[in-house]
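In what follows, a single structure is set out as structure tokens and then discussed.
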Amino acid sequence: MPGTRATQNTELIVADIGGGGGGKGPPAGGEGGGDGDKGGRPRKPPQRRYSTAITLGMISILMFFIGLCSAFIVLNRVSETWVPLHLPKILWVNTAILLLSSYTLERARRRLSDTDFSGFRKLWRATVILGILFLAGQLLAWLQLVASGVYIASNQASSFFYIFTAAHAVHLLGGVTALLYVAMRDFEKGKISRNTAVEITSYYWHFMDGLWVFLLLVLCLGR
Numbered sequence: 000m001p002g003t004r005a006t007q008n009t010e011l012i013v014a015d016i017g018g019g020g021g022g023k024g025p026p027a028g029g030e031g032g033g034d035g036d037k038g039g040r041p042r043k044p045p046q047r048r049y050s051t052a053i054t055l056g057m058i059s060i061l062m063f064f065i066g067l068c069s070a071f072i073v074l075n076r077v078s079e080t081w082v083p084l085h086l087p088k089i090l091w092v093n094t095a096i097l098l099l100s101s102y103t104l105e106r107a108r109r110r111l112s113d114t115d116f117s118g119f120r121k122l123w124r125a126t127v128i129l130g131i132l133f134l135a136g137q138l139l140a141w142l143q144l145v146a147s148g149v150y151i152a153s154n155q156a157s158s159f160f161y162i163f164t165a166a167h168a169v170h171l172l173g174g175v176t177a178l179l180y181v182a183m184r185d186f187e188k189g190k191i192s193r194n195t196a197v198e199i200t201s202y203y204w205h206f207m208d209g210l211w212v213f214l215l216l217v218l219c220l221g222r
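No gaps in the numbering here: position 47 of the sequence shown is 46 in numbering that gives the first Met the number 0, and each next residue is one more.
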């Protein structure tokens, strides 16, 4: 009947508008809405921004230490009151510990990529322990210098040693905090994915590892 056909046409038009063109548009609360995924959970923000942030952070840290190293090298060459500092031998043990932590970190990443979560957690925790051991070793190095009567104000070389090691330790402590965050975080509810968190944390940790080796070489030049 004409009346029935008109009613059916009207219902089809309303359904088409509400459904976004016959099912072509995104459903309410879906990806097209920008507020959630198909399961109704909020979508994670673009993960690339975290890599960009850590890269900028590492560049700023590098510039800071380059400035310190430049001042160290200049004073070492021109200062008439420069007193060479005998570096504590434990620094070499600390360096080995830090290098080992980079190895365990990469092994942990490999286990994660193989979906071996148990192995990942064990190696990740081992990296945390090694990082803490490194910081404890640095503290022991300071105590050894203090016991031998070398303080931050004793001479220029000792001042740079304490500044270098303390600044690096503070930044490495941030890395240990990031490692603990990854170990304890429930990523199902977070804005950052586990893979992204592991990736950017490893970037930062390897950066701090390489930075320490560089600082140690610079300190050796001042002996």
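Beta carbons are placed, not taken as given, at the ideal position from N, Cα and C, and that holds for glycine.
Nearest-angstrom beta carbon gap, residue j and residue i [assumed within contact, 8 angstroms]
i, j, result
"valine 181", "tryptophan 123", "7 angstroms"
"phenylalanine 64", "leucine 172", "In fact, because the Cβ distance is near 16 angstroms, the residues do not count as touching under 8 angstroms."
"isoleucine 151", "tyrosine 49", "Incorrect: roughly 36 angstroms between the Cβ atoms, too far for contact."
"leucine 179", "valine 127", "6 angstroms"
"valine 197", "leucine 111", "6 angstroms"
"proline 156", "glycine 221", "At residue 156 the sequence reads alanine, which differs from the proline that was named. With a Cβ gap of about 5 angstroms, alanine 156 and glycine 221 count as contacting."
CA nearest to the CA of residue i, picked from the options
i, options, result
"alanine 177", "Ala165, Val145, Leu86, Thr195", "Thr195"
"tryptophan 225", "Leu218, Leu129, Val92", "Outside the shown range of the chain, which is 0 to 222, sits residue 225, and nothing can be said about it."
"serine 153", "Thr51, Pro83, Pro87, Phe119", "Pro83"
"leucine 53", "Ser201, Arg222, Leu218, Gly221", "Checking the sequence, you will find isoleucine at residue 53 rather than leucine. It is Ser201."
"leucine 216", "Thr94, Ser59, Leu61, Leu55", "Thr94"
"phenylalanine 116", "Leu134, Arg193, Glu198", "Arg193"
"valine 92", "Thr114, Tyr49, Leu134, Arg222", "Leu134"
"arginine 108", "Ala125, Met57, Ala168", "Ala125"
"leucine 61", "Lys88, His170, Leu97, Leu86", "His170"
"serine 59", "Thr114, Arg222, Met207, Phe186", "Met207"
"arginine 120", "Lys188, Met183, Arg222", "Met183"
is_contact[residue i, chain B] using C-beta, thresh 8 angstroms
i, result
"glycine 221", "Although the question refers to chain B, the structure presented lacks it and comprises just one protein chain."
Alpha helix (DSSP H) segment containing residue i, residue limits
i, result
"glycine 66", "47–77"
"leucine 97", "89–112"
Going along the chain, which unbroken runs of the alpha helix (DSSP H) with 4 or more residues stay wholly within the region 116–202?
116–146, 155–183
Any chance the region 96–108 sits against the region 66–79, with 3 or more Cβ pairs inside 8 angstroms?
Taking a cut-off of 8 angstroms on C-beta distances, the region 96–108 does not touch the region 66–79, as fewer than three cross pairs fall below it.
Three-pair Cβ contact test at 8 angstroms for the region 159–169 versus the region 129–141
yes
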